[in-house]
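Chemist:
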Amino acid sequence: MVNLVPGMSVTAEVQIGERRIIEFFLAPLLKGKQEALRER
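Mapping of the sequence shown onto numbering that gives the first Met the number 0: position 36 corresponds to residue 35, and the numbering continues sequentially without gaps.
1. Using only the alpha-carbon positions, how far apart do S8 and V1 sit?
2. Could you check the C-alpha separation between P5 and P27 for me, to the nearest Å?
3. Taking the straight line between their C-alpha atoms, what separation do you get for E34 and L25?
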């Protein structure tokens, strides 16, 4: 593990598995829709 300090540059690779890019971006919107329709 590497300690991160302010000012360091970082390169990260994100593996999203079998999900399509559009699903990656739509997921937060769909989650919000589900929560909005949930009965309280």
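C-beta atoms are modelled at their ideal positions from N, C-alpha and C, and glycine is treated no differently.
Modeler: Taking the coordinates as given:
1. Counting from one through the sequence shown, the residue named residue 8 turns up at place 9. Counting from one through the sequence shown, the residue named residue 1 turns up at place 2. So the two alpha carbons sit approximately 12 Å from each other.
2. Your numbering for residue 5 matches position 6 in the sequence shown. Your numbering for residue 27 matches position 28 in the sequence shown. Roughly 29 Å separates the two Cα atoms.
3. Counted from its first residue, the sequence shown places residue 34 at position 35. Counted from its first residue, the sequence shown places residue 25 at position 26. So the alpha carbons of these two residues sit roughly 14 Å apart.
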